[in-house]
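Residue numbers (the working numbering), protein chains in the order written: chain A, 1 to 810; chain B, 811 to 1620.
Below, the structure is given as C-alpha cells:
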C-alpha cells in the first residue's frame, strides 16, 4: 500500500491546528459567531430539503419536504465559515471584499450568507426576513422556476457561477486588476484544484502589481473529497502541499480541524494575519512607489466535508466523507427513521435561538454582519455593470487607410489597427486591458506596448532592456495559458471594465467550454432585472487557418465559430472584416457594445485592401452587401453571385471574379461580401438577421451562388437554411484538407482558391455552354502551373501572392 | 521594479552548475558527445535553411537556400543534448526509452537525432545517410509536400506531435502505464508549462504504480523564453522552482549552464543518477511487492534558448533570448553579411569532421548511438499500432436485457453495460483501462470496480475502507481533470493499448481542442505507410443535456458532436444508442475498431427499453431503420415520419407516436430511429453514409419528417443537406433554452417533448384538417397540465415520468 503521511495531514478532525496561534475572540464573540454559523447551516439544510415548515415549528412530516431532493451540502460549511470570519474583519478594518465561490455546487453556503446579511431580501422582497420569506427562500432552491445550486447570476454579489470548475482564481484576479482597494476572497475547491486551468492560475501573482491592483486572498478548501473520490491535494503530506503553494509563489497559512470553538479562534487569527499582510505589502509598495511581488498570504482550510453533519448514518460515514457531497441523507422520503434523523439534525442547530418568532434573525447576530454596500453580497463589483464606464474611444476613422485602390493596395490591416488600439489603451488607462497567450507581438499588435507594456512581476534580467517590453504597470497581460487569459478577461469585464483577448485561431478551441459558460452567464443575466449590463467580451482571432499552411494540419481549425454559433442569438456576434478599414470599424463597434461575446476573425498578414473608410463604415453598418465596383451586373440580373466572408476568402473570390471578367467578359458576376455573419440568418432567429425580401434582392432566388467562406462550409448552410434559393448555394470553405503547403496549395486542396472558384462559376452557369470550355481548360492549366511552381520553390508564384487587378468601376 | 532573485536562477550561461557533481566522462567521451551534438545542430540549421549544398562544400549562395525560411531553432539544442545523453545510458544499461518532445516546434532537434542514429534513412530510404540523402532530408523540412516543424506522425518514434502545447506529460504517463520496462524521457517546455493541462499533469505520479507501470523522466527545459516573452518558471527563484516541483511530488535535479564540456559532465552524471533512482524504486517495489509513490527524479535543464547560436547579431541578442525562437537569422536572403554569418556559424560546427566525404556520419560518432530497436526513434512503442493486441471481448449479447416489452420495460442501460465493461476489464488486465474525471460511479459504471479499482497512489486513510474502491493496482483512472484523463488515454492508446473515457456531456467541451488534435494525428497517420493502426479512442458521454434540468443552464451543452463532426470522415464516428441493448452492441463495435475517435452518447438514468438483443444488433448493424412495431404505415405510405436520434429524444418521439396512435388512429405514422449519426450523410461524403435511394425508402421524398434530435438541431440539417425532400425535415433539438427545470419542462422549452412533437405532426399533415383541431387542443391542455404539476411539485407527473404504451405490433 502507498505510504501514509503523518497525522498532521490526515485528519480534519479535532481541535484546531494552525500556522499562527492566537485567541483574538472572547467567549461571547465565539458564541455569537458559532450561532451565526449554525443559522447558516440551518438555512442550507432548509434549502436542500424543505418546502414548508421552515422553522420546524411543527414536527417534520413528509409533506414539508420537497418531492425531489436536489442540491449539495459538502462545501457549504467551509464557505459559510470563511464568509463569517471575513465579516468580522470588514467591520474591523472597513474592507472592500468580494467573494468568489470556487467549489462546485456550493451555493447554499453563500446564498444563506446573503440572506443572513439581509441583501437577499432587499433584492428579492418576497424572500423576506421572516418565516414566510424563509419558506419561499427554501422552496425556490433547486426547484423548477427557482434558482440553481451554483452561484448563478441570480445570486447577489456573484460574478462566478462555478458551474464548470477551475476558473475561480483567474476570475478573482480579473476582478482585482485596477481595483486597488478590493480584496477578492476566493474559496478554491480541492476538487477544482485538480483541473488544469486552476492549477496554472496560481501563477497569476506574477502579473499583479500591488500598487494599481487589489489583492486575491485564496482559501484552499481541503474538504478532502470530490463526488466520489478523495482529492489529490488532501492526500499528499503537509510538507508537500506547503512546498507546492510556496512554489506557486504564495505564503500558505493552515487552519485545520473540526472543533468549532478552537476553529473560530484559529480562523479569526489567521484571516486577520492575512488581511494585515496584504495591507502591509500594499502600503509598502504604494508609499515607496516600488512595485514588487510579495509572497501573498493564503489559507489552507482543512475541515471535514459536510462539516457539522452526522459523522455516520447506518454505519456508513457521512460527515468527512464523499457521501456528504450532495444531498447528505437521500432517503428521508421513504425511510421514516431517516426523516427523524434529519429533523433532529436540523433542530440541533437550534433555530429557535437564532431566529425570533417571526423567523427574523435576532439582532445580536444580525449585527455581526457589515451594513450597506460593505456587505459582501452587496458589493457593487458583484454587479459590475453598475460600475462600467464607457470607453473613451479614439475616432477610428482617423486611423483608416486612405487612397485605397480596391483589390490592389497591399497593407497590414492588423498592424494598422494596433495603432488605434494603442491610443485606446492610452485613453483608458485603468479601464481597459489587452490579453493574449504570448501572441500579441506575433499578431502584429506590438504597437500597443507604446501605451502600455506587458505586465510582468517575475524577475527581471539585464537582457530585458533589449526589446523586452516588460513593466510592472503595463496594460497587456500575456501568459501562455488561454484559460488564464480568458479567466482574467472574464473577471475584468464582469467587475465592470473592458478588454480584448487576442489569440491564434487554431487553439482558441482550448477555451470553448469557458466561452460557452460566459455566454450562458450573460444570457441568464438578461433575465435578472437588477443585473446591469457589462461590457462585451471581445475575442480577436488571428493567425487564421488560411495562413497556417506552413505550420501544418494541427494549426488548421476554424471551427470555433461553430461552437459560438450554437449559443443564444441574444449574446453572440461574429464578424469577419475583409480588410483593414472594415476591421477598424468592427473593432470600434465591438468595443462600444455590451453584454455580447463578440468574435472578430481577421488575419494578421499583409493583404489586399478593398474599401476606403467611408465605404467600410457603410459596409459594416449594413453587415453584408453587394460590392458594385467588383460586379458587372449593373442594371441587369447576374448570371452568378460570387459571395465571400473572411479576408483571405474575399481575396480569392475577388481574384476569381477578376479572372472571369478577363476571360469571360460577358458573364455577369455579382460580388457580395459578408462582414456580420449573423446577417445571413433569418431576422426571425437572430437580431442581426435579415428578411427573405432583403436576401432575395442580394442573392437572387434562381442564380447560382458561390460562397467562399473562411470556416467550415456547413455553417453557411446552417445559417441560410430555408432561404429562398438555398439549393443554389454552393459553399466553399475549409474541409479539413491540409498539410505542409503554401497558402495557394492549401486553398487549392479545399477548393477555395481563385481558379477553383472561377471554374465553379463556369460549371454552374448553364448558359455558358461550349464557349467556356476553353477558358475552363486555361484556368486549370494556370492553376496547375501555380501549384507546380509553389512545389518547386516552396513559395507561391509572385503573380499569385501579389495579385491585383484594375477594377474599372472604381 | 520587481526584485531579482539570486545569480543562481538568473543565468543560463557559464560553466555547469548542477545538483549532483561528478565527472563520469573521460575527455574522449566528452569530445565525441560534443561532436555528435555539433552534428545534430548542423543538421538542424540545414533543415531550417538549405535546399542544396548540404555539406557546405561550396561557398554558401542564395540559390542554396530555401525561398521561404520556416522552422524553429529555440529548443532544438536542449532536446538534442538530452537525447544524446540518454543514448549513452541506453547502451550502458540496456534501457527501453521513448522520447516525448514537449516544446513547440522542436522537431529539427529530434529529427536530426533520428537521422544520426540511422532510423530516419531506414524508414525513408531516399533520405539516405549520404550527401544526396542529406540534401533531401534538409529540403523536405517545412517545405510544401514535406514534413512539419513538430514531431508529426511522419517522425519515427513519435507519439506526440506537440502542435498544441500542454500534453507532453499526460501523453508520457499514458505510454508507461502497464509498460513496466519503459522509461519515457519527456522534454517539457517552459512555455507549455504555463498551460493548465501541463500544470496539473505533474500530479500524474499519484496514479503511477512502480510495479506494473514504467517511469516518466521529465526534463523541464528552462530555455527562458516563449515566442516573445520570458517564461514564468524561468523567472522565479531557484528555491521557488524547487519548492514547486517538490510540491508536485518530484525530486528535481538541476543542470544549468552553457559551457559544453562541463555541461556534458553535469548532464551525464545527473541523467545517470535519475535512471539509477528509477531502477532502484522499481526494484524495491517489485521485489517487495509493495507499491509506493517514490518522489520520482526529474531534471531541470537550464540552457540558453537557441544554445550554440551567435550571442548577438547586429547588437541585438540572439542566443539566450526570444529572438532565437524561430528562424534565428531571418534576412539571410536579402542581407549578404548575414548570409556570410550563417555560413560561418554552420561551418563552426565543423561538418567536415563529423561527416565523411560521402556525407555519412563517421563511425566513431555512429557508435555513440544504440542499435536496432534500442535506438530511441526506433522504439516500437513509438508506432504503438505494431504492439496492439485486440481485446479479448466478452460476448456482449450475454449481457443484454431479455424479455423487453418495447416502450414499456424500464431499466438502466448504463448500469447494465457496466457489467459487460467489468468483464472486459477482467479479461484484459494489462491492455485496457477506463478513464474519467471523478464521474465513473456517478455515471453508473461502478460495477467495473469489481474487476479493477481506482488507481490511487496518494495517501490512504482508514475511512477508505468504507467503499473507497481505491487500490495501487486498479484499472480505473480518475482525476478531476478532463485534460489529464484524455491525455493519459491518448498516450495509452497511441502506445498500443485500449481504453475508454467516460465523462459528463456538459463539460466534454473542455477537451475539444485535444480531441481535434488527436483526430488530426490519426488522420495523418493514414498517410504514413509504416504507421500501424492503433485502437480507437472511445469517448462515452453521459449525464446528458436532457437530464441536466436540475443542474441548470450551465450543464446543458450537447454541442461536442458539432466539433467532432467537423473532423475528417475518415476518423470520426458518432453513435447515439436509444436503449440498453443497442448501447451494448455499440460499445462492442467501438472497442473492436481501430483508428477512429468514437463518440457514444447515452444517458445514465433508467429509461424505457425498446429492443431485444437480436433486434438491437440488427438495428445497430443497419445504423438506422424503421421500427415497424412502432409504425402503423405497413403496406402504405405514411402520412408523417417521426424520427429520433438519442435515448431521451427517442423516448419522447415514441410517446408522441403513441399519443397520435391513441388520438388519431387513422394517421399513418412511420417511426425511424438513428443510432449511427453518420448514416444520415450521403455515402459520397462519409464511409457510413447512405445513398439517396436508401434515404428515400426510409424518409420518403414528400412526407413531413419530424426529427427529434439529442443535440442542437442544426447538425441534422447539415448532415442531410441536399437529401431528397430535405425541405420536409423539421428538426427539434436543444435550442439553448433551459434553467432549473424538470426533465419534462426542459423538453417543453425546447419543443422536444411528446406533446410538442405530436402537435407538430398535426400541424404538418395538411390532410388532417379540422378533425384534428380537437386533438390539438387536448394535447395542449395535457401538456400545460403536466407543466403545472411539475411546477407545483418540483417533479414531473407520474404518467409522464413512467410512461409506457402497449405497442400492438410487437
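Ideal placement from N, C-alpha and C gives every residue a C-beta, glycine not left out.
All values reported here derive from a predicted model rather than from experimental measurement.
Task: Segment contact, 8 Å Cβ cut-off, at least three pairs: the stretch 670-689 of chain A with the stretch 567-581 of chain A - done: yes
Open item on the list: So residue 1524(B) contacts chain A; which residues on that side make the cut at Cβ distance below 7 Å?
Closed with: Against chain A, a Cβ distance below 7 Å from residue 1524(B) picks out 718.
TODO: Please go through the same chain and pick out, in chain order, the residues whose beta-carbon is closer than 7 Å to the beta-carbon of residue 422(A), but skip the five residues on each side of it.
DONE: Excluding residues within five positions, the ones whose Cβ falls inside 7 Å are 447, 448, 450, 451.
TODO: Can you give me the start and stop residues for the beta strand (DSSP E) that residue 96(A) sits inside?
DONE: 96-101
Open item on the list: At 3 residues or longer, what runs of the beta strand (DSSP E) sit wholly inside the stretch 1209-1285 of chain B?
Closed with: 1242-1246
Open item on the list: Using a 10 Å radius around the Cβ and a threshold of 16 neighbouring Cβ atoms, would you call residue 872(B) buried or exposed?
Closed with: Exposed, by the Cβ-count rule.
Task: residue 156(A) versus residue 307(A): straight-line alpha-carbon distance, rounded - done: 25 Å
Task: Cα-Cα separation, residue 777(B) to residue 1265(B) - done: With chain B running from 811 to 1620 in the structure shown, residue 777(B) is simply not present.
- [ ] Evaluate residue 176(A) with the Cβ neighbour count: other Cβ atoms within 10 Å of its Cβ, from every protein chain shown; 16 or more gives buried, anything less gives exposed.
- [x] Buried, because 16 or more other Cβ atoms sit within 10 Å of the Cβ of residue 176(A).
Task: Cβ neighbours of residue 754(A) in the same chain (closer than 7 Å, five flanking residues each side left out) - done: 652, 655, 656, 659
Open item on the list: Using a Cβ-Cβ cutoff of less than 7 Å, which residues in the same chain neighbour residue 333(A) once the five nearest sequence positions on both sides are dropped?
Closed with: 62, 65
- [ ] Could you tell me if residue 1045(B) is buried or exposed, where buried requires 16 or more neighbouring beta carbons within 10 angstroms of its beta carbon?
- [x] buried
Task: chain A residues whose Cβ lies nearer than 7 Å to that of residue 1363(B) - done: 520, 524
TODO: Tell me, please, whether the CB atom of residue 1268(B) is closer than 8 Å to any CB atom in chain A?
DONE: At least one chain A Cβ lies under 8 Å of residue 1268(B).
Task: CB contact below 8 Å: residue 317(A) versus chain C - done: Looking for chain C here will not work: the only protein chains present are A and B.
TODO: Decide yes or no for the touch test of the stretch 1078-1095 of chain B against the stretch 852-867 of chain B: beta carbon pairs closer than 8 Å, at least 3 of them.
DONE: no
Open item on the list: Cutting at 6 Å between CB atoms, please list the residues of its own chain near residue 1504(B), excluding the five before and the five after it.
Closed with: Taking C-beta separations shorter than 6 Å and ignoring five residues to either side along the sequence, residue 1504(B) has no partners in its chain.
Open item on the list: On the CB-based measure, 16 or more other CB atoms within 10 Å of its CB, does residue 9(A) come out buried or exposed?
Closed with: Residue placement at residue 9(A) cannot be trusted, given a pLDDT of 49 that sits under 50; what the coordinates show is reported in the next sentence. Buried is the call here.
Open item on the list: I need the boundaries of the beta strand (DSSP E) containing residue 644(A), first residue and last residue.
Closed with: Unbroken beta strand (DSSP E) run through residue 644(A): 640-645.
TODO: Work out the CA separation of residue 190(A) and residue 233(A) for me, nearest whole Å.
DONE: 6 Å
TODO: With a floor of 4 residues, list each alpha helix (DSSP H) that falls wholly inside the stretch 118-178 of chain A, ordered by position along the chain.
DONE: 119-123, 131-140, 168-176
Task: Under 7 Å by beta carbon: chain A residues contacting residue 1352(B) - done: Chain A residues near residue 1352(B): none, gap ~14 Å exceeds 7 Å.
- [ ] Below 8 Å on the Cβ atoms is my guess for residue 347(A) versus residue 322(A); work out the distance and round it to an integer in Å.
- [x] 26 Å between Cβ atoms; not a contact.
Task: Start and end residues, alpha helix (DSSP H) containing residue 1391(B) - done: Membership of residue 1391(B) in the alpha helix (DSSP H) is indicated by the continuous run 1390-1402.
Open item on the list: Measuring only the C-alpha atoms, how far is residue 1539(B) from residue 1402(B)?
Closed with: 34 Å
- [ ] Return no unless some Cβ of chain B is closer than 8 Å to the Cβ of residue 442(A).
- [x] It does: the Cβ of residue 442(A) has a partner Cβ on chain B nearer than 8 Å.
TODO: Measure the CB-CB distance between residue 1198(B) and residue 1344(B) and report whether it falls below 8 Å.
DONE: yes
TODO: Determine the burial state of residue 1212(B): buried for a count of at least 16 other Cβ atoms within 10 Å of its Cβ, exposed for fewer.
DONE: exposed
Task: Contacts around residue 428(A), its chain only, beta-carbon distance under 8 Å, and the 5 residues preceding and following it disregarded - done: 391, 392, 498
Task: Assigned secondary structure, residue 573(A) (DSSP; H/G/I helix, E/B strand, else coil) - done: strand
Task: Continuous beta strand (DSSP E) stretch holding residue 1517(B): start and end - done: 1515-1519
Task: Runs of alpha helix (DSSP H) wholly within the stretch 213-273 of chain A (minimum 4 residues, chain order) - done: 238-247
Task: For residue 1354(B) and residue 629(A), the rounded distance between their alpha carbons - done: 51 Å
Task: Neighbour list for residue 880(B) in chain A, Cβ cutoff strictly below 9 Å - done: 550, 551, 740, 794
- [ ] Mark residue 2(A) as exposed unless 16 or more other C-beta atoms lie within 10 angstroms of its C-beta, in which case mark it buried.
- [x] Low confidence applies to residue 2(A): its pLDDT is 33, below 50, so where it sits in the model is not reliable enough to give any reading.
Open item on the list: So the candidates are 494(A), 715(A), 520(A); which of them puts its Cα closest to the Cα of residue 560(A)?
Closed with: 715(A)
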